[in-house]
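**Student:** Below: one structure in structure tokens.
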Amino acid sequence: MNSRLRGLLLVAVVAVAVAVAAAVVVGRNAAEQPLSRQVDQVAEGLRCPTCNGESVAASNAPLATSMRRQIRIQLHAGRTPDQVREWFVSRYGDQILLVPPARGVGLLLWVVPAAAVVLGGGAWVAAQRRRTAEGTDAPDPDAQDPDPKAATALSPRRVAVASVAFLAVGAAVPVTVWASTPRRAPAESPAASSARAEPQLGFEDWVSLARSWEDQQRYDEAVKAYREALKQRPDAESVRTQLAFDLLRTNHAGEAGRMVRATAAKSGPDRPMALLVLGLAQRRQNDPAAASTLRTFLRVAPNHPAAAQVRRLLKDTS
Numbered sequence: 059m060n061s062r063l064r065g066l067l068l069v070a071v072v073a074v075a076v077a078v079a080a081a082v083v084v085g086r087n088a089a090e091q092p093l094s095r096q097v098d099q100v101a102e103g104l105r106c107p108t109c110n111g112e113s114v115a116a117s118n119a120p121l122a123t124s125m126r127r128q129i130r131i132q133l134h135a136g137r138t139p140d141q142v143r144e145w146f147v148s149r150y151g152d153q154i155l156l157v158p159p160a161r162g163v164g165l166l167l168w169v170v171p172a173a174a175v176v177l178g179g180g181a182w183v184a185a186q187r188r189r190t191a192e193g194t195d196a197p198d199p200d201a202q203d204p205d206p207k208a209a210t211a212l213s214p215r216r217v218a219v220a221s222v223a224f225l226a227v228g229a230a231v232p233v234t235v236w237a238s239t240p241r242r243a244p245a246e247s248p249a250a251s252s253a254r255a256e257p258q259l260g261f262e263d264w265v266s267l268a269r270s271w272e273d274q275q276r277y278d279e280a281v282k283a284y285r286e287a288l289k290q291r292p293d294a295e296s297v298r299t300q301l302a303f304d305l306l307r308t309n310h311a312g313e314a315g316r317m318v319r320a321t322a323a324k325s326g327p328d329r330p331m332a333l334l335v336l337g338l339a340q341r342r343q344n345d346p347a348a349a350s351t352l353r354t355f356l357r358v359a360p361n362h363p364a365a366a367q368v369r370r371l372l373k374d375t376s
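So the mapping is simple: the working numbering equals the position in the sequence shown, first residue as 1, plus 58.
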């Protein structure tokens, strides 16, 4: 191997090493980003549905503000930035992304490196065989002068350069994609989180998070979020009623009934739902008062979406 070829290979090795080191630094910085920066990065990649080409991060529209709050509470709940983006895409479609996703990019992680290795290796082998053949074959004095273009078409130098280029591309594609992939931040201790002075979730944030869990039918998580909301506003009867409904969904009928009993006994906008939850909880516990409670529900809210189902239940048990 001559000095020129060794130099080319050394350059390729150094280039790949620098790319890998840069990727490690980028990945480490992404993992150490505070919550506020992760929120900004996700919001910068989402389109405000009610704005003209503005990102969620740049818009002051009420919907954009709500979306930023939703991003924060989902990241706070442990989701990765990619999972948060997928959550928005599942509700709005790909048009919610400022930059539509490139389809089939993952295939490049396999095809490009494999093709680079095969082509680079094949060219290297062909060049070595040619050099061996040229070194062993005796020159023919009667042969015509070779074509200069043919003589240089597969010269060792050109083959070496092509091989280095193929291998560099093959290494750069997966490294670049890996470096640009958002990573989940490591879990922090309460002391470290407090030291960052990150904003705490408020009442509306916990309620929004609970509704997000309900959308995913993760009612145990919704119960926890509603409990946190009630710690901040214990007098929020609508939240208390919804918490009771989720307790009913998670087979805690006794606690659900106790939680809404006071609301069901007095007039107000939350009374119909409280009566419904109380009646269903009593029915789960085989309480004879269930039928009376459900009839009161039908009298108070005859056009409620659940009224038809309650009538069927009462008919079946009569």
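For every residue, glycine included, the Cβ atom is placed at its ideal position computed from N, Cα and C.
Please read these numbers as outputs of a predicted model, since none were measured by experiment.
Please report how far the alpha carbon of P107 lies from the alpha carbon of L288, in whole angstroms.
**Tutor:** Here the question's residue 107 lines up with position 49 in the sequence shown. Here the question's residue 288 lines up with position 230 in the sequence shown. Each residue's alpha carbon lies about 31 Å from the other.
**Student:** Taking its Cβ as the centre, do 16 or more other Cβ atoms sit within 10 Å of A366, making it buried, or is it exposed?
**Tutor:** If you number the sequence shown from 1, residue 366 lands on position 308. With fewer than 16 neighbouring CB atoms inside 10 Å of its own CB, A366 falls in the exposed class.
**Student:** Quick one: what's S113 bridged to in DSSP?
**Tutor:** For the purposes of this step, residue 113 is taken as residue 55 along the sequence shown, with counting starting at 1. In the DSSP output, where bridge partners are listed per residue, S113 has R105.
**Student:** On a CA-only basis, which of R342, K373, P330 is nearest N361? Give me that one, please.
**Tutor:** By 1-based counting over the sequence shown, the position of residue 361 is 303. Closest in alpha carbon position to N361, among R342, K373, P330, is P330.
**Student:** Determine the DSSP secondary structure at L333, reduced to helix, strand or coil.
**Tutor:** Translated into positions along the sequence shown, residue 333 becomes position 275. Of the three classes helix, strand and coil, the one that applies to L333 here is helix, per DSSP.
**Student:** So, with DSSP's three-state summary, where would you put L155?
**Tutor:** The count along the sequence shown starts at 1 and reaches residue 155 at position 97. Of the three classes helix, strand and coil, the one that applies to L155 here is strand, per DSSP.
**Student:** Quick one, are the C-beta atoms of V368 and L352 less than 8 Å apart?
**Tutor:** If you number the sequence shown from 1, residue 368 lands on position 310. If you number the sequence shown from 1, residue 352 lands on position 294. Yes, the pair counts as a contact, with Cβ atoms nearer than the cut-off.
**Student:** Can you tell me whether R105 is buried or exposed, with buried defined as 16 or more other CB within 10 angstroms of its CB?
**Tutor:** Counted from its first residue, the sequence shown places residue 105 at position 47. Label assigned to R105: buried.
**Student:** I believe A283 touches A268 by the beta-carbon criterion, under 8 Å. Please report the beta-carbon distance rounded to the nearest angstrom.
**Tutor:** Position 225 of the sequence shown, counted from the start, is the residue given in the question as residue 283. Position 210 of the sequence shown, counted from the start, is the residue given in the question as residue 268. Rounded, the Cβ-Cβ distance is 4 Å, consistent with contact.
**Student:** Assuming A332 and T299 form a contact by the criterion Cβ under 8 Å, report the distance between their Cβ atoms to the nearest whole angstrom.
**Tutor:** Residue numbering aside, residue 332 sits at position 274 when the sequence shown is read from its first letter. Residue numbering aside, residue 299 sits at position 241 when the sequence shown is read from its first letter. With a Cβ gap of about 5 Å, A332 and T299 count as contacting.
**Student:** On the premise that L133 lies in contact with V147, defined as a C-beta separation below 8 Å, what is that separation, rounded to the nearest angstrom?
**Tutor:** If you number the sequence shown from 1, residue 147 lands on position 89. If you number the sequence shown from 1, residue 133 lands on position 75. Not really, about 16 Å apart at Cβ, beyond 8 Å.
**Student:** In angstroms, rounded to a whole number, what distance separates the CA positions of L301 and R285?
**Tutor:** The count along the sequence shown starts at 1 and reaches residue 301 at position 243. The count along the sequence shown starts at 1 and reaches residue 285 at position 227. Cα to Cα, the separation comes out at about 7 Å.
**Student:** Hey, quick one: how far does the alpha helix (DSSP H) through G260 stretch, first residue to last?
**Tutor:** Position 202 of the sequence shown, counted from the first residue, corresponds to residue 260. Counting along the chain, G260 falls outside any alpha helix (DSSP H), and DSSP gives it neither H nor E.
**Student:** Of the residues R341, A322, R342, which one's Cα is nearest the Cα of T354?
**Tutor:** Start at 1 with the first residue of the sequence shown, and residue 354 comes out as number 296. That would be A322, whose Cα lies nearest to the Cα of T354.
**Student:** Please list the segments of the beta strand (DSSP E) lying wholly inside the segment 300-358, counting only runs of 3 or more residues, in order along the chain.
**Tutor:** none
**Student:** When the distance is taken between beta carbons, is A339 closer than 8 Å to L306?
**Tutor:** Position 248 of the sequence shown holds residue 306. Position 281 of the sequence shown holds residue 339. Yes, the pair counts as a contact, with Cβ atoms nearer than the cut-off.
**Student:** Quick one: what does DSSP say Q367 is sitting in, helix, strand or coil?
**Tutor:** Along the sequence shown, one-based indexing puts residue 367 at 309. Helix, per DSSP.
**Student:** Would you check if the distance between the CB atom of A119 and the CB atom of D98 is smaller than 8 Å?
**Tutor:** Position 61 of the sequence shown, counted from the first residue, corresponds to residue 119. Position 40 of the sequence shown, counted from the first residue, corresponds to residue 98. For A119 and D98, no; Cβs fall outside 8 Å.
**Student:** Pull up the distance between the alpha-carbon of A348 and that of A311, whole angstroms please.
**Tutor:** Mapped onto the sequence shown, residue 348 falls at position 290. Mapped onto the sequence shown, residue 311 falls at position 253. Answer to the nearest angstrom: the Cα atoms are 12 Å apart.
**Student:** What's the gap between the Cα of S251 and the Cα of L93?
**Tutor:** On the sequence shown, residue 251 is found 193 positions in, with the first residue counted as 1. On the sequence shown, residue 93 is found 35 positions in, with the first residue counted as 1. Below a pLDDT of 50, predicted positions are generally treated as unreliable, and S251, at 37, falls in that range; the measurement from the model is reported next regardless. Cα to Cα, the separation comes out at about 10 Å.
**Student:** Can you name, in chain order, every residue of its own chain whose Cβ lies under 7 Å from the Cβ of A280, other than the five neighbours on each side?
**Tutor:** Within the sequence shown, the letter at position 222 stands for residue 280. Correct list, in chain order: A268, W271, E272, D304.
**Student:** Helix, strand or coil for A201 per DSSP?
**Tutor:** Looking up residue 201 in the sequence shown gives position 143. Per-residue confidence for A201 stands at a pLDDT of 48, beneath the threshold of 50, marking its modelled position as unreliable; the derived number appears in the next sentence. DSSP places A201 in coil when its eight states are reduced to three.
**Student:** Does the distance from the CB of S266 to the CB of R137 come in under 8 Å?
**Tutor:** As a position in the sequence shown, residue 266 is number 208, starting the count at 1. As a position in the sequence shown, residue 137 is number 79, starting the count at 1. A distance of 8 Å or more separates the beta carbons of S266 and R137.
**Student:** Ignore the nearest five residues each way along the sequence and tell me which others in S117's own chain have a CB closer than 6 Å to its CB.
**Tutor:** On the sequence shown, position 59 is the one that residue 117 refers to. Here the set comprises C106, C109.
**Student:** Hey, how far is the Cα of R291 from the Cα of F261?
**Tutor:** Along the sequence shown, one-based indexing puts residue 291 at 233. Along the sequence shown, one-based indexing puts residue 261 at 203. Their backbone Cα atoms lie some 7 Å apart in a straight line.
**Student:** Suppose the cutoff is 8 Å on Cβ atoms and the five residues either side in sequence are ignored; what does the same chain contact list for I154 look like?
**Tutor:** Working through the sequence shown from its first residue, we reach residue 154 at position 96. Correct list, in chain order: L104, R105, P107, F146, V147.
**Student:** Give the range of the alpha helix (DSSP H) segment to which R362 is assigned.
**Tutor:** Indexing the sequence shown from 1 puts residue 362 at position 304. Sequence check: residue 362 is His here, not Arg. Per DSSP, H362 belongs to no alpha helix (DSSP H) and is neither H nor E.
**Student:** For A320, count neighbouring C-beta atoms within 10 Å of its own C-beta (all shown protein chains included) and say buried if the count is 16 or more, exposed if not.
**Tutor:** Walking along the sequence shown from the start, residue 320 turns up at place 262. Label assigned to A320: exposed.
**Student:** Check whether the Cβ atoms of L156 and S113 sit closer than 8 Å, and answer yes or no.
**Tutor:** Stepping through the sequence shown from its first residue, residue 156 is reached at position 98. Stepping through the sequence shown from its first residue, residue 113 is reached at position 55. Cβ atoms of L156 and S113: closer than 8 Å.
**Student:** Put A122 into one of helix, strand or coil per three-state DSSP.
**Tutor:** In the sequence shown, residue 122 corresponds to position 64, counting from 1. In the structure shown, A122 sits in a helix (DSSP, three-state: H, G or I).
**Student:** On the criterion of 16 or more Cβ atoms from any shown chain inside 10 Å, does R357 qualify as buried, or is it exposed?
**Tutor:** For the purposes of this step, residue 357 is identified with residue 299 of the sequence shown, where counting begins at 1. Exposed, because fewer than 16 other Cβ atoms sit within 10 Å of the Cβ of R357.
**Student:** In this structure, how does DSSP classify D98 when only helix, strand and coil are distinguished?
**Tutor:** Position 40 of the sequence shown holds residue 98. DSSP places D98 in helix when its eight states are reduced to three.
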